[in-house]
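Here the sequence shown is numbered in the numbering used here, starting from -6 and rising by one per residue.
Quick reminder that beta carbons are idealized off the backbone N, C-alpha and C, glycines included.
What follows is a short report on a single structure.
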Amino acid sequence: MSDGLFGSIRISASGLRGQRTKLDVVAQNLANAETTRTPDGTPYRRQRAIFEQVLGEKVLRHSDSLGRATEGRLARTHPTHLGGSMSAPGGRGQAGVETEVGVAEDASQFRVIHDPGHPDADEEGYVLLPNVNPISEMVDMITASRAYEANVAAVQAAKDMFGEALKI
């Protein structure tokens, strides 16, 4: 029963963690938008937050009850998730859906400008700048902020419902 009561809060908490990670990545990108030399000698490369849905044991039980046709359909849409263990991250063994958030580098090309006086300019005067676009970073920040606010509102609604249920 505790999964039923606290499941919605657990789901929202997962969303809060993911959006916080996305906001951290955006802040890091904006802070390094003009960094032309990192320790490895290249310009800063934009980072992206990657959300991956991890399916739980309930999905497997449901697919087993529906037969092999459903499992085949799931295997076509989520091939990486059906090959291994379907428990939640960290081995907690919880059923349901959780989200893992990873950070990956953006493979897009660096920006190139002509600035012969720049200390990182090549012999022809061209400088490689990070592939960070401040406008798209601001859009990502606003969407992550709104998603964070929505998850906070969902936690508050669940808390209010628990309070009303205790009054009955």
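Helix or strand or just coil, what does DSSP make of residue i?
i: V125; result: coil
i: E142; result: helix
i: R39; result: coil
i: G8; result: helix
i: A68; result: Bear in mind that a pLDDT of 38 at A68, under 50, signals an unreliable position, so the number given afterwards is only what the model happens to contain. Three-state result, A68: helix.
i: E45; result: strand
i: E98; result: strand
i: E93; result: strand
i: R3; result: helix
i: N25; result: coil
i: A150; result: helix
i: G156; result: helix
i: R13; result: helix
i: I161; result: coil
What are the boundary residues of the beta strand (DSSP E) that includes residue i?
i: I106; result: 104 to 107
Beta carbon of residue i, beta carbon of residue j: below 8 Å?
i: Q12; j: N126; result: no
i: E157; j: G95; result: no
i: L122; j: T14; result: no
i: S1; j: A146; result: no
i: N99; j: R39; result: For clarity, residue 99 is Asp in the given sequence; the question names Asn instead. Their beta carbons are under 8 Å apart, which means D99 touches R39 by this criterion.
i: N124; j: Q149; result: no
i: A97; j: R10; result: no
Taking the DSSP output, what are the residues bridged to residue i?
i: V120; result: I106
Below 8 Å, how does it come out for the region 3 to 16 and the region 113 to 131: are there three or more Cβ pairs, yes or no? Result no; under three Cβ-Cβ pairs closer than 8 Å.
Check whether the region 102 to 118 touches the region 14 to 24, counting contact only when three or more Cβ pairs, one atom from each stretch, lie closer than 8 Å. Touching, no, given that fewer than three Cβ pairs across the two stretches are closer than 8 Å.
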